[in-house]
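Numbering (UniProt numbering), first residue to last: 1 to 396.
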Amino acid sequence: MVKKKQALGWIEWLIGWMYVTYELLFQRTKTSHLQNPLELPSLNDLTCIVTGTTSGIGKGIARQLAEAGAHVVMAVRNRKTANELIDQWCSSWAGILLNVEVMELDLLSLDSVVGFANTWNARLEPLHVLINNAGIFSIGENQKFSKDGFEEHLQVNHLAPALLSVLLLPSLIKGSTSRIINVNSVMHYVGFVDTEDMNTVSGKRKYSSLLGYTNSKLAQVMFSSVLHKRLPLESGVNVICASPGIVHTNVARDLPRIVQAAHHLIPYFVFSPEEGSRSALFVATDPQIPEYCESLKTEEWPVCAFISQGCHPTNPSKEAHSVETSFEVWEKTLETIGLPSDAVERLIEGKDVRCRYGTRYGLIRCHFWGNIVALVRLYAPVTCSKYGGLFQLGFS
């Protein structure tokens, strides 16, 4: 019997940190072809839900999408702050009405996630883009748990976005071709997921905020890969992970000492939030993304699309390629967020689904099969010559 892997080997750990260091030192060089801000096409009639939009990367994503004409739903905990931001944006764009609204969503509460999904699906409106941007990295803090009983990094960075993505499938199918975009991190390269101890409470591993963050980001990639495979081509829903690069300067405290030694140079290397938003905006709007994602729905390729901060395809970590572990993460995640193992298939077929959190879910049915055809939205052609199209930059 093969002994189950308990952690990254030291060579794997070292290679992972070498990759993170390389990305930090050379991310500006690798993105020199990109405009800042990224030029977007007209996005009229495009509906996007973006989580975590009151600061950082999410704030930039929401504003640029709105300025390009999209209907943007800011899914946030603090409605007051979000509404103040909208007022500021409208003031700076005198005479132009931005189509932005605010909806309350607290990712530290799975009840809130279910309530949000119910409220949105009840509109019976199409959703074209879901950007799971909100995340936390509580550097140096002790282990904390949500009121649902889950380690906070795990819940905010993985469990809550996974639940939201699955429950919004009816609306995403109405808006197909649609996209689920998970803003991930290069830090997943040093992550390891123990599916028997995802909450990090067994004592097998000493908890640190770095451990919680990196493991949650790897779990997100693994879950995304299985979700992408589970969604049939006919659903028109694609799942993509996007790395914003290394954006916040305070991550330096958890980087290798060789990088910390050059701390005075780090502000030059790290991205501003606006620069960090480019990969997610590219994935949300580039017309070649659906075709590329569809090409990955094969048994030969174990992971979903992963787009780098340079807006081109890249390979996630070696751990992310483990089909066995990814499926274990899938099953454990669905169990943890209170959904049946066949939740995706049932929602696609327009059947009810019960969730352990919130009220009874699944009253909104999305009929896709048979003689009822889902609304199909086609993206307008986009010229990518100024920053490179997806296939031009990597895959053909």
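Yeah, the Cβ is synthetic: ideal placement off N, Cα and C, and Gly gets one too.
Relative to the alpha-carbon of residue i, which residue among the options has its alpha-carbon at the smallest distance?
i, options, result
"Phe271", "Pro313, Leu25, Glu345, Trp93", "Leu25"
"Arg123", "Pro340, Lys174, Val323", "Lys174"
"Gly58", "Thr333, Phe327, Pro316, Glu274", "Glu274"
"Thr314", "Ile240, Gly350, Asp352, Val353", "Ile240"
"Pro37", "Gly276, Ser341, His71", "Gly276"
"Leu210", "Asn184, Ile139, Leu40, Asn78", "Ile139"
"Gly52", "Leu85, Glu294, Asn132", "Asn132"
"Gln309", "Val283, Leu127, Ile289, Lys297", "Val283"
"Leu110", "Leu127, Ile61, Leu163", "Leu163"
"Cys293", "His321, Arg63, Thr177", "Thr177"
"Pro287", "Trp10, Ile348, Leu43, Gly9", "Leu43"
"Val201", "Arg77, Lys144, Pro161", "Lys144"
"Ile348", "Glu39, Asn78, Pro232, Pro161", "Pro232"
"Ser208", "Glu152, Ser224, Pro340", "Glu152"
"Ala280", "Tyr22, Ala134, Val76", "Ala134"
"Ser225", "Ser171, Lys147, Leu172, Phe306", "Phe306"
"Trp93", "His188, Gly69, Phe137", "Gly69"
"Asp45", "Arg28, Thr29, Glu67, Gln27", "Glu67"
"Cys311", "Lys30, Val237, Leu296", "Lys30"
"Arg230", "Arg28, Leu296, Ile266", "Leu296"
Measure the beta-carbon distance from residue i to residue j and round it to whole angstroms, keeping in mind my assumption that it falls under 8 Å.
i, j, result
"Asn346", "Leu34", "One detail in the question is off: residue 346 reads as Arg in this sequence, not Asn. Going by Cβ atoms, the distance from Arg346 to Leu34 rounds to 41 Å, so no, they are not a contact pair."
"Val113", "Val72", "No, Val113 and Val72 are not in contact; Cβ-Cβ is about 19 Å, not under 8 Å."
"Pro316", "Val303", "6 Å"
"Val329", "Val186", "Not really, about 19 Å apart at Cβ, beyond 8 Å."
"Leu108", "Ile49", "Between Ile49 and Leu108 the Cβ distance is about 18 Å, and since that is not below 8 Å, they are no contact."
"Thr285", "Leu97", "About 21 Å separates the two Cβ atoms, so there is no contact after all."
"Ser171", "Asn118", "Not quite, the Cβ-Cβ distance comes to about 11 Å (not below 8 Å), so this is no contact."
In whole angstroms, what separates the C-alpha of residue i from that of residue j?
i, j, result
"Val190", "Asn215", "8 Å"
"Ser32", "Lys204", "43 Å"
"Glu300", "Ile181", "22 Å"
"Leu127", "Asp87", "24 Å"
"Asp352", "Gly245", "39 Å"
"Ser243", "Arg356", "31 Å"
"Thr54", "Ile15", "35 Å"
"Glu234", "Val166", "17 Å"
"Arg354", "Leu168", "14 Å"
"Gly350", "Glu12", "43 Å"
"His228", "Leu85", "34 Å"
"Phe192", "Cys90", "44 Å"
"Leu154", "Ser326", "15 Å"
"Gln6", "Asn78", "39 Å"
"Gly9", "Tyr213", "19 Å"
"Ser322", "Glu104", "36 Å"
"Val344", "Tyr268", "44 Å"
"Lys318", "His188", "10 Å"
"Gly60", "Thr195", "34 Å"
"Tyr22", "Ile266", "13 Å"
"Arg360", "Asn238", "Low per-residue confidence applies at Arg360: pLDDT is 48, beneath 50, and the placement is therefore not dependable enough to give any value."
"Glu125", "Gly236", "16 Å"
"Ile364", "Asp148", "The pLDDT assigned to Ile364 is 37, lower than 50, so where the model puts this residue is not dependable; a value taken from the coordinates is nonetheless given after this. Straight-line Cα distance between these residues: approximately 25 Å."
DSSP state of residue i, grouped into three classes?
i, result
"Leu130", "strand"
"Met198", "coil"
"Thr285", "helix"
"Tyr361", "Confidence at Tyr361 is low in this model, with a pLDDT of 46, below 50, so the placement of that residue should be treated as unreliable; the coordinate-derived value is given next. Coil at Tyr361, not helix or strand."
"Ile11", "helix"
"Ala68", "coil"
"Thr47", "strand"
"Cys311", "coil"
"Arg77", "coil"
"Asn238", "strand"
"Glu152", "helix"
"Ala305", "strand"
"Ile181", "strand"
"Phe145", "strand"
"Gly52", "coil"
"Val247", "coil"
"Val166", "helix"
"Glu349", "coil"
"Glu319", "helix"
"residue 407", "An answer regarding residue 407 cannot be provided, because it is not within the stretch 1 to 396 covered by the chain."
"Thr31", "coil"
"Phe368", "Caution applies to Phe368, whose pLDDT of 43 falls short of 50 and renders its modelled position unreliable; the value that the coordinates give is listed next. Looking at Phe368 - three-state DSSP - the assignment turns out to be coil, as it is neither helix nor strand."
For residue i, I'd like the list of residues in its chain whose CB is within less than 8 Å of its CB, leaving aside the five on either flank, ordered along the chain.
i, result
"Asp197", "Lys204, Arg205"
"Thr336", "Phe150, Leu159, Met198"
"Val247", "Gly56, Ile57, Val270, Phe271, Ser272, Pro273, Glu275, Gly276"
"Glu324", "none"
Excluding the 5 residues flanking residue i on each side, which residues of the same chain have their C-beta closer than 7 Å to its C-beta?
i, result
"Asn184", "Lys217, Gln220, Val221, Cys241, Ala242, Ser243"
"Ser341", "Glu331, Leu334"
"Val156", "Leu107, Leu108, Ala134, Gly135, Ile136"
Whose C-beta lies closer than 6 Å to the C-beta of residue i among residues of the same chain, with five residues either side of it excluded?
i, result
"Lys4", "none"
"Ala62", "Val50, Thr53, Val72, Met74"
"Phe116", "Leu105"
"Leu65", "Cys48, Val72"
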